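Written out below as structure tokens is the structure these notes cover.
In our numbering, the protein residues as written are 3 to 170.
Printed below as a string of structure tokens:
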């Protein structure tokens, strides 16, 4: 059983989940960068621009301001513990449903793990999706990071495709 409620500010034990504000972007960008650095160790195709953190922060400002996105922040003891950014996207025109939810970014602080945090963030996003009449979520976990794939399978996710990069 998850110990949280879904409302303006969700609570999970000593965790608070809320919508992101622009003042959160510095800490969120640092958490994102640590995840990308970890993913780069197992995927040579992950190459960052020199100003990647700045570019990410500019994109994150857009996520905060755009109603087609929801940017959730999880705090523990006043410190950032995780982020989840979700969006609404059009499905390909020949498949049902016409719109899907998608995970844009999901990052947890690996230095201070919190039991059930990922699930609590996901449930908060699920409530946002349901409020927007969406019932399907599309997730693309990194290929060389089995922890994330295992999490999504445990949530009931089914593999539908593989995405490949081909150098030309």
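Glycine included, every Cβ here is placed at the ideal spot set by N, Cα and C.
Just so it is clear, the structure is predicted and the values come from calculations on it, not from any experiment.
In the displayed model, residue 105 falls within a strand according to three-state DSSP.
Rounded to the nearest angstrom, the Cβ distance from residue 76 to residue 123 is 6 Å, consistent with a contact under 8 Å. Closest by C-alpha distance to residue 82, out of 44, 65, 17, is 17.
Excluding its 5 nearest sequence neighbours in each direction, residue 154 has C-beta neighbours in its own chain below 7 Å: 141, 143, listed in chain order. Judged by DSSP in its simplified three-state form, residue 139 adopts strand. Each residue's CA atom was taken as its position, placing residue 74 and residue 118 some 15 Å apart. In this structure, 101 is the residue among 33, 101, 160 with its C-alpha nearest to the C-alpha of residue 70. Here the segment 24-34 does not lie against the segment 144-164, with fewer than 3 beta-carbon pairs under 8 Å apart. The beta carbons of residue 156 and residue 72 sit no closer together than 8 Å.
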